[in-house]
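Residue 435 in the numbering used here sits at position 428 of the sequence shown; the count goes up by one each step and never skips.
We put the beta carbon where it would ideally sit given N, CA and C, even for glycine.
Given the structure is predicted, the values throughout are model-derived calculations rather than measurements.
Contents: one structure, followed by commentary.
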Amino acid sequence: MRVLVGVLLVLAIGAAVYLPALGERGFGASEGHRVVPAVEFAERGEWLLPTMFETVYIRKPPGMPVAIMLSSEAFGWTEFAARFVSAASVVLGGVVLAVFGSRWFGARYGWSAGVAYVLAPVVVATGRAAEIEALHNLFVIVACALIVELIVRKPGKGIDRAVFGGVALGAALLGMVLTKGPAAIPTVAGAVLACAMIVRRWSALASPALWVGIGIAAGVAAWLALELSAQLGIRAEPHVAQSPLAFSFSAGQLLSILALPIAAFASHLPASLAMLPLVGWQDLDDRDRLARACARAWLVSVVIYMAFGVSNNRYALPSIGLACLCVPWVLHATAHRFTGLRRLGSTLAVFGSPKVMLVLLLVAAGVRTWLVERREAIKSGREPGIALAEALMQETPLAIEVWADQLIEARPETLLYAERRAEQDGRELRGFWSASWDPVEADGPSLPATPPGLARFVLLRRDEDGYGGSELSRFRDAGLTQRLMPVYDGGVYPDGERNGETAYRFPFTVFRVLPE
């Protein structure tokens, strides 16, 4: 009964933090990179090969766009539906942690693992955005908790454990890979290695359940990769991709790489504080071994990220669930076992009591949401996209195509909102990502003839891009603007004043493509 009460507490807190005003602000940051592929999945009736404005986009696996598509088909194509995937993922992650925390440390304290996760400041940001982190973290939490359960809490080789535990682990690992590729492999590997250290048997690495899970995930992922490769071959067109190595070693980041454990620990506060009392503590029972396994898994995973040259602590976020699982251990030990300075320190870490900490975290989550999302709302591409559509619809009564590259790369939601605004008036406006456009070498083929009944426009950014000028300046240098007539100037969001006029981030000019 206490476990159910703890789960209901996590659900209630999660609903209070993640659902209010979830759909008020327009998409921003990189939300459009998840939402636009979801829209095009629904339009094409596909779920494997993501596209963004008709260009194949495989920087990330299709997991999150598919989830957004399913949510939007159920609740409507709104900002709320797209972000609901993340909100639900955080809350479900909290429920999983509460269940395992209760199983390992007792129902009286287990709920705190889920609450610590749901209210962690770094997690709140992920649960209120249509991004991949929250869904990805859910699968990682399930996988790591199962690994600790299978190797440390109940080691064994029973056929039922190999089958049921392996299938559950395989599903979690597969979901993890389909959401963010290999990004969390260091976290899972860290959990496996740490658990083997705790039980002091490297034979634990030969756990049947572990390898059944890995085999299921690897087999299904390989099959999907072959299917994806076949579809890419059929389309035979340029695509946008990104190697995982792009997030590894780079010049000038050695200090950041070495500081990753400190940065990760700080970003995972206050849950990460629960790992500190384990330093110098001797294991007395299974609770201690389980808590030590989680803390050591957190540390080993961060070290593995360092070995791969990762300097951004955001990539260590999946390991926060391991820190949260140490919270109920600390509460139990403080109530029953800690004495002296250790008891004083653990009490101060929760500001005197878990109830006080809970209230403070709730207030912090509310304040953070109000302050940050108020500021982020003005950075959305919603209003600029609506203004763009209205300007182009006044320009021509024909069907409209808008070709762009750098603005889609940075803020794709702008064209998504332009398409939606035109649809409201029964007009056709389609965005196209010319991701392979090279204006330095381009000539006629880059500005194809416009067919009858269609008005074609090109959108070029005017800001410096670090590649020797701006997108617009390179088009001018290549002589391509001779067939372009400027019709509209815009920008994604205000960024102060310059020369007495409002300056914008991502300023752009829209040109109409003239006949040859």
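Within the stretch 16 to 77, ranges of the alpha helix (DSSP H) (whole runs, at least 4 residues) = 39 to 51
query = What are the boundary residues of the alpha helix (DSSP H) that residue 103 is part of?
reply = 86 to 112
request  = Would you mind stating whether residue 305 and residue 326 have Cβ atoms separated by less than 8 Å?
outcome  = yes
task = Using the DSSP secondary-structure output, state which residues sit across from residue 407 in a beta bridge.
result = 436 and 462
request  = Helix, strand or coil for residue 345, going by three-state DSSP, please let me know.
outcome  = coil
ask   = Does the count of Cβ pairs from the stretch 327 to 340 and the stretch 207 to 214 closer than 8 Å reach three?
value = no
query = Distance, Cα to Cα, residue 118 vs residue 360?
reply = 15 Å
ask   = Nearest to residue 303 by CA position, among 294, 290, 289 and 329, is which residue?
value = 329
request  = Measure the beta-carbon distance from residue 7 to residue 420 and round it to whole angstroms, keeping in mind my assumption that it falls under 8 Å.
outcome  = An answer regarding residue 7 cannot be provided, because it is not within the stretch 8 to 523 covered by the chain.
ask   = DSSP puts residue 520 in a beta bridge; with which residues?
value = 491
key: Buried/exposed call for residue 370, threshold 16 Cβ in 10 Å   = exposed
request  = Could you have a look at residue 485 and say whether DSSP puts it in helix, strand or coil?
outcome  = coil
query = Comparing alpha-carbon positions, which option in 159, 135 and 418 lies nearest residue 297?
reply = 159
key: Closest Cα partner of residue 99 within the set 84, 125 and 74   = 125
message = I'd like to know if the stretch 402 to 415 and the stretch 456 to 467 are in contact, where contact means that at least 3 CB-CB pairs between them fall below 8 Å.
response = yes
query = Could you check where the alpha helix (DSSP H) with residue 387 kicks off and where it finishes?
reply = Per DSSP, residue 387 belongs to no alpha helix (DSSP H) and is neither H nor E.
ask   = For the alpha helix (DSSP H) that residue 143 lies in, which residues bound it at each end?
value = 140 to 155
ask   = Between residue 282 and residue 509, what straight-line distance do the alpha-carbon atoms span, to the nearest angstrom?
value = 49 Å
inquiry  = Using only the alpha-carbon positions, how far apart do residue 293 and residue 331 sit?
reply    = 17 Å
task = Less than 8 Å between the CB atoms is what I'm expecting for residue 517 and residue 494, so what's the real figure, rounded?
result = 6 Å
ask   = Is the Cβ-Cβ distance between residue 134 and residue 153 less than 8 Å?
value = no
inquiry  = For the stretch 197 to 207 against the stretch 307 to 324, do three or more pairs of beta-carbon atoms, one drawn from each stretch, fall closer than 8 Å, so that the two count as touching?
reply    = yes
Residue 181 vs residue 227 beta-carbon contact at 8 Å = yes
task = Look at the Cβ atom of residue 406, then the Cβ atom of residue 435, and state whether they are nearer than 8 Å.
result = yes
query = Which of the three DSSP states, helix, strand or coil, is assigned to residue 12?
reply = helix
ask   = Leaving out five residues before and five after residue 515 in sequence, what residues of the same chain have Cβ atoms less than 7 Å from its Cβ?
value = 414, 466, 467, 468, 469, 497 and 498
ask   = Where does residue 382 sit, in a helix, a strand or coil, going by DSSP?
value = helix
key: Range of the contiguous alpha helix (DSSP H) that encloses residue 291   = That residue, residue 291, is in no alpha helix (DSSP H); it is neither H nor E in DSSP.
ask   = How about residue 65 and residue 42: do their beta carbons lie closer than 8 Å?
value = no
message = Taking its Cβ as the centre, do 16 or more other Cβ atoms sit within 10 Å of residue 103, making it buried, or is it exposed?
response = buried
query = By Cβ distance below 7 Å, which residues in the same chain neighbour residue 375 in space, the five residues on each side in sequence not counted?
reply = 128 and 131
request  = Grab the span of the alpha helix (DSSP H) containing residue 261 for me, first residue to last.
outcome  = 261 to 265
ask   = From 487, 484, 157 and 33, pick the residue whose C-alpha is nearest to that of residue 202; which is it?
value = 157
request  = Identify every residue that forms a DSSP beta bridge with residue 83.
outcome  = Residue 83 pairs with nothing; no bridge assigned.
task = Indicate the three-state DSSP secondary structure (helix, strand or coil) for residue 126 in the structure shown.
result = coil
inquiry  = Assuming contact is defined by CB atoms lying nearer than 8 Å, are residue 150 and residue 190 in contact in what I supplied?
reply    = no
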